[in-house]
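Residue numbers (the working numbering): 5 to 221.
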C-alpha cells in the first residue's frame, strides 16, 4: 500500500472518530497539527510517514474525555494501522508518539524520545499557544464549566501529573501552568521560531485582560 493511500485511509478514519469531539480537540485541531508537523518535518531528518501518522493519531482518544484512560488512543491507532497492513515498526513508533506527546504537568518526565516525536510534539504545542491556543483554552474551560479568572486562586506550578489532570482551576491559571511554559520546551528550530511570536501574543492578551479586569481600559 502506498503512503498516499495509507494517509487517505487514516484521515478518513480519524475524521470519523473525532466527528463529535470537543471543539479544541476535534478534527480541525488534528488537521492543524498535521499541517504544522508536515511543515516542521521538512527541516528535520525524520521519517515523514511516522510524523504524519503520529500527528493524525495524537488525539484519537484523549484521556481527558475517556475517564483518564491513556490506553484507548494507542490501542485504537494500533488496531487501525494493523488493519491496513502498516509495518509493525512504524506502528510501534506511532504508538510511542501517542503515549508520550502530552504535557502532563511540570514534574512529569518524558519516557520516550525520537526526532519524529519532537516534530509532532512541537506541532501540538504550537496549537496550544497564540490566538488559536487562547481560543481552545477558553473553549475547554467552558466545556468543563470552569471560571474565567479568580484572583484568590493562584496558579500552581508544582502539580504532580495526577493533580494536573484533576485540576478545576480557573482558565486564566492554565496560561501559567502550561501555555506560557511551552515556548521554552520546543524541540525544533522551526518550532521555537513560531512559538516565540505566539508567546508574545499571549503576553499581550494577558496584559489587556488584566487591564480590562481592573477597569483601566
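Backbone N, C-alpha and C define an ideal beta-carbon position, used for all residues, glycine too.
Closest residue to residue i among the options (Cα-Cα distance)
i: residue 87; options: 5, 168, 128; result: 5
i: residue 217; options: 155, 201, 203, 56; result: 155
i: residue 137; options: 55, 95, 182; result: 182
Residue i versus residue j: straight-line alpha-carbon distance, rounded
i: residue 257; j: residue 167; result: Residue coverage of the chain in this structure runs from 5 to 221, which leaves residue 257 outside it and unanswerable.
i: residue 63; j: residue 213; result: 30 Å
i: residue 158; j: residue 187; result: 21 Å
i: residue 189; j: residue 20; result: 32 Å
i: residue 144; j: residue 211; result: 21 Å
i: residue 132; j: residue 146; result: 16 Å
i: residue 165; j: residue 220; result: 37 Å
Distance between beta carbons of residue j and residue i, contact taken as under 8 Å
i: residue 175; j: residue 142; result: 6 Å
i: residue 60; j: residue 14; result: 5 Å
i: residue 100; j: residue 85; result: In fact, because the Cβ distance is near 13 Å, the residues do not count as touching under 8 Å.
i: residue 78; j: residue 44; result: Actually they are not in contact, since the Cβ atoms of residue 78 and residue 44 sit about 23 Å apart, beyond 8 Å.
Host alpha helix (DSSP H) of residue i (start-end)
i: residue 28; result: Note, residue 28: premise wrong, no alpha helix (DSSP H); not H, not E.
i: residue 104; result: 92–104
i: residue 116; result: Element bounds for residue 116: n/a, residue is neither H nor E.
i: residue 184; result: Careful: residue 184 lies outside any alpha helix (DSSP H) and carries neither H nor E.
i: residue 216; result: 193–217
Simplified DSSP state of residue i, which is helix, strand or coil
i: residue 144; result: helix
i: residue 138; result: helix
i: residue 154; result: coil
i: residue 58; result: helix
i: residue 167; result: helix
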